[in-house]
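Under mature numbering (1 follows the signal peptide of the UniProt record, and there is no 0), the residues of the sequence shown are numbered -22 to -1, 1 to 205, in order. Even glycine gets a Cβ: it sits at the ideal position worked out from N, Cα and C. Since the model is a prediction, treat every value here as computed from it, not as a measurement. Here's the structure, in structure tokens; my notes come after.
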Amino acid sequence: MRQPSIMLLLLLPLLFSAPSTSTPRDFDFFYFVLQWPGSFCDTKKSCCYPATGKPTADFSIHGLWPNYADGSYPSNCDRQNAYDASQIADLMESLRSHWPSLACPSDDESTFWKHEWQKHGTCSESVLDQHAYFGAALRLRAQINLLQALQDAGIKPDGGLYSSADISSAIRNSTGFEPKLGCNADGGGNRQLYEVSMCVDAKGERLIECPVSSISNCPSRVEFPQF
């Protein structure tokens, strides 16, 4: 009978002792990401309103994402900890208002929340369980009024072009912290303000200065479309 190679014999203990899933190290901070619905919809893909109707013309939650200070991030950390709508039943009304889904086809938004919990929320479960995770995002949203901050600076969602530097300055003056801007392209290829990310401490409680460089993918002037 053919004998196993020496290399295989050396590897066998490692193979059988290796865990089935990797355990992420403690994360350092969250990105709290808000999106402008007008920019989500003003693309070649367009958008679909949820069953509850057209969302309010305001920045809505995209997600609360654990990150490491070296710029990397964990994802899909615990596939056994499934999304359970019954755990956040008391938050549903607020989630529909402030965390709506505009993806097509339209649904009851649970698909969006399920994705965010499984990809990002499960990586924060050492600090926040499912109810605490969604609750933290809603509390942060209540603290940050981006639209008002921009309008106070004369930056309005009217389809006009605005300075990215002025947008950042208006948000910084309102919140006390530097934002990270994200842009997408409309149907004509024009760059538009799509997302604003703020850094939050690892408990999900308060805004902090970002421990990593907040490099924007936006040009010097961006469109701020209507919704």
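Original post:
Do the stretch 86 to 97 and the stretch 141 to 153 touch if we need at least three Cβ pairs shorter than 8 Å?
Top reply: no
Original post:
Cα-Cα, which of Cys161, Ala180, Trp77 is closest to Phe37?
Top reply: Here residue 37 refers to the residue found at position 59 of the sequence shown. Phe37 has its Cα closest to that of Trp77, out of Cys161, Ala180, Trp77.
**OP:** Give, in chain order, every unbroken run of the alpha helix (DSSP H) that is at least 4 residues long and sits entirely within the stretch 92 to 147.
**Re:** 108 to 121, 124 to 130
**OP:** Assign Asp68 to buried or exposed, taking buried as 16 or more other Cβ atoms, counted over all protein chains shown, within 10 Å of its Cβ.
**Re:** Here residue 68 is taken as the residue at index 90 of the sequence shown, counted from 1. Looking at its Cβ environment, which holds fewer than 16 other Cβ atoms inside 10 Å, Asp68 is exposed.
Original post:
Is it true that the stretch 54 to 72 meets the stretch 11 to 26, where meeting means three or more beta-carbon pairs spaced less than 8 Å apart?
Top reply: no
**OP:** Measure the alpha-carbon distance for Phe7 versus Glu187 and round it to whole angstroms.
**Re:** As a working note, residue 7 is residue 29 in the sequence shown. As a working note, residue 187 is residue 209 in the sequence shown. In a straight line, the C-alpha of Phe7 is about 10 Å away from that of Glu187.
Original post:
When you compare only the Cα positions, how much space is there between Trp14 and Ala60?
Top reply: Looking up residue 14 in the sequence shown gives position 36. Looking up residue 60 in the sequence shown gives position 82. About 28 Å.
**OP:** Keeping to the same chain, check which residues put their C-beta closer than 8 Å to that of Phe5; ignore five residues upstream and five downstream.
**Re:** Numbered from its first residue, the sequence shown carries residue 5 at position 27. Only Pro44, Asn45, Tyr46, Tyr51, Pro52, Cys101, Ser102, Ala180 meet the Cβ criterion.
Original post:
With respect to the beta strand (DSSP E) encompassing Cys177, which residues constitute its N-terminal and C-terminal limits?
Top reply: Position 199 of the sequence shown, counting from 1, holds the residue named residue 177. Here the beta strand (DSSP E) through Cys177 covers 169 to 179.
Original post:
Using DSSP with H/G/I as helix, E/B as strand and the rest coil, what is Arg184?
Top reply: Here residue 184 refers to the residue found at position 206 of the sequence shown. Three-state DSSP puts Arg184 in coil, outside helix and strand.
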